[in-house]
Amino acid sequence: MTAKVIKQETTGMNGDEAIAFAVKQCDVDVVAAYPITPQTIIVEKFSEYVANGEVQTEFVCTESEHSAMTASLAASATGARVFTASASAGLALMHEMLFVTSGSRTPVVMAVANRALSSPLNIHGDQSDSMAERDSGWIQMYVENAQEAYDTTIQAFKIAEELDVSLPALVGLDGFTISHTLENVNTLSDDAVKAFVGERKYPMVTTHEGKQVPFKLDPANPMTMGPNVAPAFYFEFKRQQEEAMRNALIKIREINAEYAKISGRSYGNGLIDAHKLDDAEVAIVVVGSTAGTLKVIVDELRSEGVKAGLLRIRTFRPFPAEEIKNALKNVKVVAVMDKSMAPGAQTGTVFSEVRNALFDLKQRPLTTSIIFGLGGRDTAPRDLRKIYEDLMKAARVGQVDSLVRYLGLKE
Amino acid sequence: MSSKDKTWKELGIAAVCYRPSVGFMTGDWKTYMPIRDLEKCTTCLTCVMLCPEDAIRFRPEHGKIEFDLGFCKGCGICANECPTKAITMKLPEDEE
Amino acid sequence: MTTQEWKFTAKDMAIKPDLFTSGHRACAGCAPAAVLRLVMKATRGPTIVTQATGCMEIVGSIYPYTSWNLPWLHTAFENAAANAAGIDAAIKIMQKKGKMSKEHIDIIALAGDGGTLDIGLQALSGAVERGHDFLFVLYDNEGYMNTGIQRSSSTPLGASTTTSPAGSVIPGKLETKKPITEIMLAHGMEYVATATPYYWKDLLTKVRKGLEVEGPAFLHVFAPCPRGWRSEPSKSMEYSKLAVESCIFPIWEAVNGIRQLSTPSKILQLAPQKKKPVKAYLEGQGRFRHLFLPKNSHVIDQIQSLTDARWAKLLKQCETATN
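Protein chains in written order, with my numbering: chain A, 17 to 427; chain B, 4 to 99; chain C, 68 to 390.
Structure (structure tokens):
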């Protein structure tokens, strides 16, 4: 594989800059966005590219995130490749339009620099914002570092625009931890990215004129997009969206492998990224940047003879339930870490879905839910190590201490 | 098979409409129907322009207006606005 | 903007195929439906239409049927102008990059008064400030008719709606209509105008002028709703005439902020004796029925004096313009 890998440049970039750089290389036609911490660097950086003539992109500085998502949808419906970025309250303000964008099958790509939601007001990192949008019909991929933010943004356009997918895609990066932290990022050449992503394709639809035409607003082929759909038809379109998500499960794997051929980098199978899980007795499941620290701890524990493993969920929507089930089937105790809270649900969102995926196993691992890092609360390596120690204890006694734990909470 | 029976696999994506509404007749909504008096009609075409339904057509080849009762909802705007009172609204049974 | 005047003759327009077609499900006597027909008759070439949620959006796009014979997009209620912004941005860049034919495409955003004066105002203001090239057409039926006749900020003083009902204590809506055209003029728009479907040639001309503008243009069209106004379906055009004749809804246009009365209103300036009392407009509309009770007569007086004051102010604004 390494033989075909393209020569790359290494640059110091934070996660936001890495995403802006990826967008610059993807021949994006329209960027419509509104500033919000910790995403703002993306649109600032991109504005510089526009101001310096480094990109051929129409940049629309909208007056709100609601309009940013609307303009993104409308531009995509007109045939453009579109990118936007948001976080926290901004994403929440887009909520309505997220559903309209996925229902309209417009492949907009959005970076979300994950940040806590008000109230109380907090600008720091957690994943409450995009976890709250889990049912909005968007593909959701979460990255571990700035390098992956760059790589995943490029892949996201290709995934979203696949004809049998045609769904918007969200790239989640932990606010500040990834968005603002300088790392070495290897970047491909402009040409390599352009060739990899390719031109935007359009699914074919039948219009009221009886014509089979590409799905976009075009005066040559009038079509009605976004009509009023009665109970006799609505359900069918929702089922189509689920099928598109099923197709995305396949495409994300394929595109992850295809990207590895030119870049030398892959992220597990694209859906999940397992670390030393094959013979693990205990494992942590996590989404996002915390996986980086956890890998170091797993390696430490392994050197001490502890059979610890890690499963990072890279693709949360579509949820890779089958892959997760297979990856965890031989583990004795699993902790699922949620960097968001679902008040009233008792456990974390990711936990619920992972446990659901494990239900069909004949021999199910013990599971425990860990809520952590809310509002940017720091999680120290020793806290993470302690989780593994507790899991080992649970494995010995055959029982977990509690269903849910709040890691790092002052109590 | 009626369109209502199309399965999720058969329908196109994103609910792009596949039928023109000129295939959906609204004429049976009406109570009153317009009756024209061609002797009074000056073909000023006010009725054609103000009809919300495009249910009054001007036929230049005959120089006459025609009602499309398949779409006319019987609102009576044409009769109300006709400057020469060439249109009256009547119950269909009164016409028979 | 060119100063060309278009001659929309009845014979030409009557045979021009409709782009908003028959088979839509608007109520009998719906003036907004007539407005949509007329607006589309004034298009000049390739056009994309986007529409806010509302009666007129629903009636023309009941899946699998569509009344739209041009590319049409609906996404939500509060964002017709943001749709237009996205379409405009996409066309601009894709034409520049050669991804789309270079032929000019007009963009029309349609919204009712709720989608313009209330929930849609932010997106509209933003899109106008950014200077997107589109014509925004407000069809104003003075309330939330699609949801069952609730008051909007465009509902006039005294009107009874389901959320401003005429009760034993409160005589309908207590607030006056939001001056949307003044708000749009304050944005420094090149073209802002008001029209009613009764004066259809005037309406078509204004649509065309708005399309000619290279940038945002705003057209406020008065559109009686027989269901919401509790009026006779046959009288929808008559009310759109009476509104002008009583100076409830004067028609004018402002080119680069220079305001001029359009002929039907200009006539009233020249011959003030032809100006009708507001009573002539109010009576017959069920939404104002309660105002004709003796205890509410002061509201009619109030509407009259507000109308007179607004008219006097408008005449001054037009005078300043011509002098």
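Where a beta carbon is used, it is the ideal one built from N, C-alpha and C, also for glycine. Just so you know, these numbers come straight off a predicted model, no measurement behind them.
Nearest-angstrom beta carbon gap, residue j and residue i [assumed within contact, 8 Å]
i, j, result
"P123(A)", "T114(C)", "25 Å between Cβ atoms; not a contact."
"L373(C)", "T243(C)", "6 Å"
"L303(A)", "I340(A)", "The amino acid occupying residue 303(A) in the given sequence is Val; Leu does not appear at that position. Contact doesn't hold; Cβ gap of about 12 Å is too wide."
"N237(A)", "V245(A)", "Their Cβ separation, rounded to whole angstroms, is 21 Å, which puts N237(A) and V245(A) out of contact at 8 Å."
"A373(A)", "A410(A)", "Between A410(A) and A373(A) the Cβ distance is about 20 Å, and since that is not below 8 Å, they are no contact."
"T272(C)", "F75(C)", "7 Å"
"G96(C)", "C78(B)", "4 Å"
"K76(B)", "E56(B)", "6 Å"
"G153(C)", "F355(C)", "The Cβ separation is near 40 Å, so there is no contact."
Residue i versus the options, residue with shortest Cα-Cα distance
i, options, result
"R297(C)", "R275(C), D85(C), Q118(C) and I216(C)", "I216(C)"
"F251(A)", "V347(A), G119(A), M357(A) and A208(A)", "G119(A)"
"G295(C)", "E312(C), T222(C), I129(C) and L271(C)", "T222(C)"
"I334(C)", "G90(C), I318(C) and G324(C)", "I318(C)"
"E84(B)", "K380(C), K302(C) and K383(C)", "K302(C)"
"E42(B)", "G66(B), F74(B), D71(B) and E13(B)", "G66(B)"
"T56(A)", "E149(A), H196(A), K20(A) and E79(A)", "H196(A)"
"V236(C)", "L358(C), I82(C) and K383(C)", "L358(C)"
"V66(A)", "I278(A), K40(A) and E316(A)", "K40(A)"
"D354(A)", "D190(A), M261(A) and A208(A)", "D190(A)"
"L133(A)", "T53(A), G95(A), A211(A) and L265(A)", "T53(A)"
"P331(C)", "K308(C), E170(C) and D185(C)", "K308(C)"
"Y218(A)", "L179(A), T203(A) and E64(A)", "L179(A)"
C-beta contact flag for residue i and residue j at 8 Å
i, j, result
"K345(A)", "V298(A)", "no"
"A194(C)", "A253(C)", "no"
"W135(C)", "T240(A)", "yes"
"R269(A)", "L293(A)", "no"
"V352(A)", "T383(A)", "yes"
"V126(C)", "A100(C)", "yes"
"F203(C)", "L191(C)", "yes"
"H141(C)", "T110(C)", "no"
"E164(A)", "Y50(A)", "no"
"L198(A)", "S152(A)", "no"
"G30(B)", "L94(B)", "no"
"N161(A)", "S279(A)", "no"
Cβ of residue i within 8 Å of any chain B Cβ
i, result
"F253(A)", "yes"
"P381(A)", "no"
"G90(C)", "yes"
"F115(A)", "no"
"R121(A)", "yes"
"G181(C)", "no"
"V181(A)", "no"
"V245(A)", "yes"
"H111(A)", "no"
"E329(C)", "Correcting the residue identity first, residue 329(C) is Ser in this sequence and not Glu. Not an interface residue."
"C385(C)", "no"
CB contact below 8 Å: residue i versus chain A
i, result
"M251(C)", "no"
"S128(C)", "yes"
"I68(B)", "no"
"Q162(C)", "no"
Opposing strand residues paired with residue i [DSSP bridges]
i, result
"R333(A)", "Q156(A)"
"D295(A)", "D295(A) is not bridged to any residue."
"C77(A)", "A49(A)"
"P113(C)", "Per DSSP, none; premise fails for P113(C)."
"E64(A)", "None, per the DSSP bridge assignment."
"V352(A)", "V301(A) and S385(A)"
"G325(A)", "A299(A)"
"L205(C)", "A178(C) and H287(C)"
"P230(A)", "M220(A)"
"V181(A)", "Looking at the DSSP assignment, V181(A) forms no beta bridge with any residue, so it has no partner."
Chain C within 8 Å of residue i, Cβ atoms only
i, result
"M239(A)", "yes"
"G242(A)", "yes"
"T29(B)", "yes"
"Q257(A)", "no"
"L107(A)", "no"
"L41(B)", "no"
"G95(A)", "yes"
"P127(B)", "There is no way to answer for residue 127(B), as the model of chain B reaches only from 4 to 99."
"L94(B)", "no"
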